[in-house]
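Here the numbering used here is used: the first residue of the sequence shown is 266, the next is one more, and so on.
See structure below.
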Amino acid sequence: MNAGPWIGDQARVAATARWVALAIAVVALPFAGCAKKGAPLAPAAPLPPEIESVFPADRSTGVDYETPIWVRFREPLDPATVNLRTVFLKVDTRRIPLDVRYESAASRIVLVPLEPLQLRATHTVELAPEIATADGTPLGTTGFWQFTVIGLRRPGHPFPQDGAVDESPVAALAWDATERSAGDIAYDVYLATDSAQVAARAAPAFLHTTRALHLPAVRWALGTRYFWAVSASNLSTSERFDSAVWRFATVPASASLDSMVLTMSRWGYYYSSTFQTLIRCGLSTILMGSSFSTKAHAAAGFDLSALGPGLRLADASLVMTASGSPDLTANFIGLWGATAEWNACGIGLDGPPYQDRDIGQLALREVLPGRRVRFSGAAFAAHLEATVRRGGLYGYDFRTNTSVSFYTPLATNSTTVWPALTLYFYRGPVPAARGGPAGAAGAVGGPSAAAGPASFAHAARPAGAR
């Protein structure tokens, strides 16, 4: 495939040689003494004599976060005394939600956490003295043991799903993440059309990143099968997991395209000058930029909820029309993703919404005739598709060097000045609109175009928009 720039402040493009090997074994290098969170391991204390064995072993370190947890007794217990009031799993003083069951055939209590075990934390299993044997004899004393969990999660559950076909040329890559609180986490992504070379990690990584998400700024080649794998590392503990090799195939070059046009569903801006500070939302214009005396921060979102997970985008284009007569050639407007959910009437100068600097700038304005600008490109389309198919992405943040206003969907002079987001998608089972039948009013491009619900503000595509 072609080398090119890729999205992410931590990303780097590796050499595109031919990559090698077949399946990969998961490798972990847990280190004892890597506990950072939770109480330190307490001095060893004898367990009640009724207890025969425990798992994980008392005071063990480097324990897998998916470990089974159980305690076996020397004689049968009274099942009525084994419950959530007598069996606890804790990190420090916080109780971890869990299910507790008693296996009478093995005289064993099994703890099943209802949330992932905390990485690099010491976990304590506590047994209340009210637990009694079958003849009614209570333990009489509190029993407990401790273990410490490793600092890294395996990079599983790939997106696209392993073996997926007909993926778009802007399909995101994603995998299970390790929380950043566990340490200095990094991922190396290996990708090629040769599965053996990917499995062996023989060539330099295609991508190095600190986020378990990659949005391509250069499109995947059409009609191509790709193999990829991830190596996750916790640099703070020297632990590493290697994923298996996954694969996906892109749509053929002959696939048919269609399009639909949406407009903004929410927008607002923060304005500050030497005279006043204002937060504006839902007006007929949106202000962005700065000058010697004023500063403004604008943001916008699009309601994509009616588009199903089958959405496969070829491209996307957002066209906005400026009010007044600004010199748009002197204005460098950058379009960024937002890091978290935000309120259009609660925008701040520096945030919220905050720029998603991990992903980086998605598009830079292109000046069009008629006081218009366009944002487009693979990274923008990838962000939109990932918003629909995966979630966890939150609209758009505008940053610019000079002040300029643009019309919104509340502009009354003409709908042709409304912001127009054109989605170019592949026909077939995509993009399966959940809010209305295919070909409903508002869909642009042909009878197979997916239509959103009536709440969508569909706009006619402006002349010259691509």
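The beta carbon of each residue, even a glycine, is placed where N, CA and C say it ideally should be.
What residues are listed by DSSP as bridge partners for residue i?
i: histidine 732; result: This structure gives no information on residue 732, because the portion of the chain shown stretches from 266 to 731.
i: methionine 525; result: Leu688
i: alanine 581; result: Leu688
i: histidine 422; result: DSSP lists no partner for histidine 422.
i: serine 318; result: Arg337
i: cysteine 610; result: Bridge partners of cysteine 610: none, in fact.
i: histidine 473; result: Asp453
i: valine 669; result: Met553
So residue i packs on residue j, CB below 8 angstroms; how close in whole Å?
i: tyrosine 672; j: threonine 586; result: 5 angstroms
i: valine 495; j: arginine 577; result: So it is not a contact: roughly 23 angstroms between Cβ atoms.
i: proline 617; j: glycine 611; result: 7 angstroms
i: glycine 448; j: serine 524; result: About 45 angstroms separates the two Cβ atoms, so there is no contact after all.
i: leucine 675; j: glycine 547; result: 7 angstroms
i: tyrosine 367; j: proline 344; result: 5 angstroms
i: glycine 354; j: valine 390; result: Note that residue 354 is leucine in the sequence shown, not glycine. Contact flag correct, Cβ pair sits at about 6 angstroms.
Keeping to the same chain, check which residues put their C-beta closer than 7 angstroms to that of residue i; ignore five residues upstream and five downstream.
i: aspartate 580; result: Ser641, Ala646 and Tyr689
i: valine 414; result: Val328, Tyr330, Leu382, Gln383, Leu384, Arg385, Ala386 and His388
i: glutamate 395; result: Thr346, Thr351 and Pro403
i: serine 588; result: Thr550, Ser670, Phe671 and Tyr672
i: valine 632; result: Leu593, Thr594 and Val638
i: tyrosine 535; result: Ile544, Ala561, His562, Ile612, Gly613 and Leu614
Ordered along the chain, which non-local residues of its own chain (more than five positions away) have a Cβ less than 6 angstroms from that of residue i?
i: aspartate 568; result: Ser530
i: tryptophan 485; result: Pro434 and Thr515
i: threonine 604; result: Tyr619 and Asp621
i: serine 325; result: Phe412
i: tyrosine 661; result: Ala565 and Leu600
Can you tell me the Cα-Cα spacing of residue i and residue j, whole angstroms?
i: histidine 422; j: proline 403; result: 45 angstroms
i: leucine 527; j: proline 574; result: 18 angstroms
i: phenylalanine 513; j: aspartate 427; result: 6 angstroms
i: serine 555; j: alanine 442; result: 37 angstroms
i: threonine 667; j: threonine 489; result: 43 angstroms
i: arginine 664; j: arginine 445; result: 27 angstroms
i: threonine 687; j: leucine 649; result: 11 angstroms
i: aspartate 459; j: phenylalanine 597; result: 41 angstroms
i: aspartate 431; j: serine 590; result: 44 angstroms
i: serine 570; j: alanine 464; result: 37 angstroms
i: tryptophan 532; j: tryptophan 335; result: 53 angstroms
i: serine 582; j: arginine 692; result: 18 angstroms
i: phenylalanine 424; j: phenylalanine 409; result: 40 angstroms
i: leucine 552; j: threonine 475; result: 33 angstroms
i: leucine 572; j: arginine 466; result: 37 angstroms
i: leucine 363; j: alanine 370; result: 22 angstroms
i: proline 321; j: alanine 628; result: 50 angstroms
i: proline 420; j: leucine 342; result: 40 angstroms
I'd like the list of long-range same chain contacts for residue i, defined as Cβ closer than 8 angstroms, with 5 residues on each side in sequence excluded.
i: leucine 487; result: Pro434, Thr515, Val516, Pro517, Ala518 and Ala520
i: phenylalanine 338; result: Glu315, Ile316, Glu317, Ser372, Arg373, Ile374 and Thr398
i: threonine 406; result: Pro313 and Pro394
i: asparagine 348; result: Val365
i: alanine 290; result: Only weak support exists for where alanine 290 lies, its pLDDT of 30 falling under 50; the value from the coordinates is given anyway. Contacts found: Asp507.
Let me check you understand the geometry: is the CB of residue i closer than 8 angstroms to at least one non-hydrogen atom of the ligand GTP?
i: leucine 404; result: Within the structure as shown, the ligand GTP is missing, as the structure has no ligands at all.
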